[in-house]
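Asks: One structure coming up, written as structure tokens, with questions to follow.
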Amino acid sequence: MAKAAQKLVGLGTRLGTSLATQGPKVAGEALQWSRPRLSKFWYYARVELTPPMPADVPAISKGFSKIVDSAKTGKFMNLTVKEAWVNTLVCAEVAFWFFIGEQIGRRSFVGYNIKSDYEPHGYI
1 MAKAAQKLVG LGTRLGTSLA TQGPKVAGEA LQWSRPRLSK FWYYARVELT PPMPADVPAI
61 SKGFSKIVDS AKTGKFMNLT VKEAWVNTLV CAEVAFWFFI GEQIGRRSFV GYNIKSDYEP
121 HGYI
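If you're matching positions, the sequence shown starts at 1 in full-length UniProt numbering and goes up one per residue.
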């Protein structure tokens, strides 16, 4: 038992000195590696993850009217396979994120936890 404790103490000592000597170097390299990637992420996050501005409403309504017009005229039947596949994947992604948001909101996979005033009787 004492040998195991001594080995554990020796391991902790080696780990502590290794971390103290190499820790700042590794942290600096990690920061240097992640800096361009984080700047690219923040650029796209600012552009893509912002809510729509009032100036964007006409473009959004134009997009919806184009969808309705293509449904009325049958223009959607003239899409290429690639365009149809991309549209299908976008619709599936929107639906999946909707359902994930619902599950997060209700904190359950199954359904809503509704409190009831019903008291079951002790007899059947």
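No residue lacks a Cβ here, since even glycine has one placed at the ideal position from N, Cα and C.
Rounding to the nearest angstrom, what Cα-Cα distance links Ile-67 and Lys-75 in this structure?
Replies: Within the sequence shown, numbered from 1, the residue matching residue 67 stands at position 67. Within the sequence shown, numbered from 1, the residue matching residue 75 stands at position 75. For Ile-67 and Lys-75, the distance between alpha carbons rounds to 9 Å.
Asks: Would you report the Cα separation of Ile-104 and Val-110, rounded to the nearest angstrom?
Replies: Working through the sequence shown from its first residue, we reach residue 104 at position 104. Working through the sequence shown from its first residue, we reach residue 110 at position 110. Roughly 11 Å separates the two Cα atoms.
Asks: Cα-Cα, which of Arg-106, Pro-120 and His-121 is closest to Ile-114?
Replies: Indexing the sequence shown from 1 puts residue 114 at position 114. Here the closest residue by C-alpha is Arg-106.
Asks: Which whole-angstrom value describes the C-beta separation of Ile-60 and Pro-54, a residue pair presumed to lie in contact below a C-beta threshold of 8 Å?
Replies: Indexing the sequence shown from 1 puts residue 60 at position 60. Indexing the sequence shown from 1 puts residue 54 at position 54. Not confirmed; about 11 Å, so no contact.
Asks: Could you compute how far the alpha carbon of Phe-96 sits from the alpha carbon of Ser-70?
Replies: Reading the sequence shown from its first residue, position 96 is the one you call residue 96. Reading the sequence shown from its first residue, position 70 is the one you call residue 70. Rounded to whole angstroms, Phe-96 and Ser-70 show a C-alpha spacing of 24 Å.
Asks: What residue does the alpha helix (DSSP H) around Asp-117 start on, and which one ends it?
Replies: Position 117 of the sequence shown, counting from 1, holds the residue named residue 117. Premise fails: Asp-117 is in no alpha helix (DSSP H) and is neither H nor E.
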